[in-house]
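A.B. asks:
Protein chains in written order, with this note's numbering: chain A, 1 to 113; chain B, 1001 to 1110.
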């Protein structure tokens, strides 16, 4: 059984650019959630995907978008990057639309300059 | 909307001392409460959940609906308990996601 893996681990982007972060879910998990963790804060829910459909979204603007693929891996896309988007982005996978235990990846550290 | 509050950013204790990490929540319904832990250079992982009513690594947490609290306790802290601890709430039902507190750093000194 493999755990949740995220890529890349670190990334530096310029304000206004676009970024794509990737997540491979744990084997057997069909639900992926994305969280943003700013420095000194707890993780904040961005959105959740279940069987390739978004089924929950937090208080984030539309420039945060995502995809889930048939193998349940997922992407988080952020357009028009702002300095405040600098954060650790966490992916978590689970079964049953979030009702099961969430297993987290190690995160992607995004720095916007 | 639900909210989770962890009033202490840092809790520093000596080895063998009792530990209590505070967590209060606000939610109009009946929530599920969790404690997650992040050790240095490791990923966030589930420590315990209130519905399982179990003790993990000597830690326990009791849901107090009257006080809307879910404090994490351990009678005798160990150095390896040093980590970041997050309290989290999940609404019951489908499409449920986690709402986290800001976290408390626990430092256990020898």
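The C-beta atom is built at its ideal place from N, Cα and C for all residues, glycine as well.
Since the model is a prediction, treat every value here as computed from it, not as a measurement.
Just checking: is the beta-carbon of residue 1039 of chain B within a distance shorter than 8 Å of some beta-carbon in chain A?
C.D. replies: No, residue 1039 of chain B lies away from the interface with chain A (no Cβ there is under 8 Å from its Cβ).
A.B. asks: Does chain B have any CB closer than 8 Å to the CB of residue 101 of chain A?
C.D. replies: Yes, because at least one Cβ of chain B sits closer than 8 Å to the Cβ of residue 101 of chain A.
A.B. asks: The beta strand (DSSP E) spanning residue 91 of chain A covers which residue range?
C.D. replies: Its beta strand (DSSP E) spans residues 87-94.
A.B. asks: Over what stretch of residues does the beta strand (DSSP E) that includes residue 27 of chain A continue unbroken?
C.D. replies: Taken as a continuous stretch (DSSP letters only), residue 27 of chain A belongs to no beta strand (DSSP E), as it is neither H nor E.
A.B. asks: Between which two residues does the beta strand (DSSP E) harbouring residue 1031 of chain B extend?
C.D. replies: Here the beta strand (DSSP E) through residue 1031 of chain B covers 1031-1038.
A.B. asks: Rounded to whole angstroms, what's the CA-CA distance from residue 1044 of chain B to residue 103 of chain A? Just pull it up for me.
C.D. replies: Distance between the alpha carbons of residue 1044 of chain B and residue 103 of chain A: 8 Å.
A.B. asks: What is the rounded straight-line gap between the Cα of residue 14 of chain A and the Cα of residue 106 of chain A?
C.D. replies: Distance between the alpha carbons of residue 14 of chain A and residue 106 of chain A is about 23 Å.
A.B. asks: Mind checking residue 1075 of chain B: buried by the 16 CB within 10 Å criterion, or exposed?
C.D. replies: So residue 1075 of chain B ends up on the exposed side.
A.B. asks: Which residues in chain B sit within 8 Å of residue 43 of chain A, going by Cβ to Cβ distance?
C.D. replies: The contacting residues are 1044, 1086, 1098, 1100.
A.B. asks: Give a yes or no on whether the minimum CB-CB distance between residue 90 of chain A and chain B is below 8 Å.
C.D. replies: Yes, residue 90 of chain A counts as interfacial toward chain B.
A.B. asks: Going by alpha carbons, who is nearest to residue 81 of chain A out of A:74, A:73, A:95, A:62?
C.D. replies: The shortest C-alpha separation from residue 81 of chain A is found at A:62.
A.B. asks: Can you give the Cα-Cα distance for residue 1048 of chain B and residue 1021 of chain B, rounded to whole angstroms?
C.D. replies: Approximately 13 Å, taken between the alpha carbons.
A.B. asks: Please determine, among A:23, A:42, A:17, the residue with the shortest C-alpha to C-alpha distance to residue 1084 of chain B.
C.D. replies: Here the closest residue by C-alpha is A:42.
A.B. asks: Going along the chain, which residues of its own chain have a beta-carbon closer than 8 Å to the beta-carbon of residue 1 of chain A, five neighbours each way excluded?
C.D. replies: Note that residue 1 of chain A scores a pLDDT of 49, beneath 50, so its modelled location is shaky and nothing firm can be said.
A.B. asks: Considering Cα atoms alone, identify which of A:101, A:86, A:97 is closest to residue 16 of chain A.
C.D. replies: Answer by Cα proximity: A:86.
A.B. asks: Given 8 Å as the limit, is there contact between the region 1096-1108 of chain B and the region 33-42 of chain A, that is, 3 or more CB pairs closer than that?
C.D. replies: Yes, the region 1096-1108 of chain B is in contact with the region 33-42 of chain A.
A.B. asks: Looking at chain E, which residues of the region 48-73 of chain A have a Cβ within less than 7 Å of any of its Cβ atoms?
C.D. replies: Checking the listed chains, one finds no chain E in this structure; the protein chains it contains are A and B.
A.B. asks: Would you mind giving the Cβ-Cβ distance between residue 108 of chain A and residue 36 of chain A, rounded to the nearest angstrom? I have them listed as a contact below 8 Å.
C.D. replies: Their Cβ separation, rounded to whole angstroms, is 11 Å, which puts residue 108 of chain A and residue 36 of chain A out of contact at 8 Å.
A.B. asks: Assuming contact is defined by CB atoms lying nearer than 8 Å, are residue 54 of chain A and residue 47 of chain A in contact in what I supplied?
C.D. replies: Going by C-beta atoms, residue 54 of chain A is nearer than 8 Å to residue 47 of chain A.
A.B. asks: Once you ignore the five residues that flank residue 111 of chain A on each side, which residues in its own chain have a CB closer than 6 Å to its CB?
C.D. replies: Only 12, 86 meet the Cβ criterion.
A.B. asks: Going by beta carbon distance, what residues of the same chain come within less than 8 Å of residue 1088 of chain B, once the five residues before and after it are set aside?
C.D. replies: Excluding sequence neighbours, residue 1088 of chain B sits near 1004, 1033, 1034, 1035, 1036, 1098, 1099, 1100, 1101.
A.B. asks: When you compare the CB of residue 16 of chain A with every CB in chain B, is at least one pair closer than 8 Å?
C.D. replies: It does not: the Cβ of residue 16 of chain A has no partner Cβ on chain B nearer than 8 Å.
A.B. asks: At least one CB of chain B closer than 8 Å to the CB of residue 36 of chain A: is that the case?
C.D. replies: Cβ-Cβ to chain B under 8 Å: no for residue 36 of chain A.
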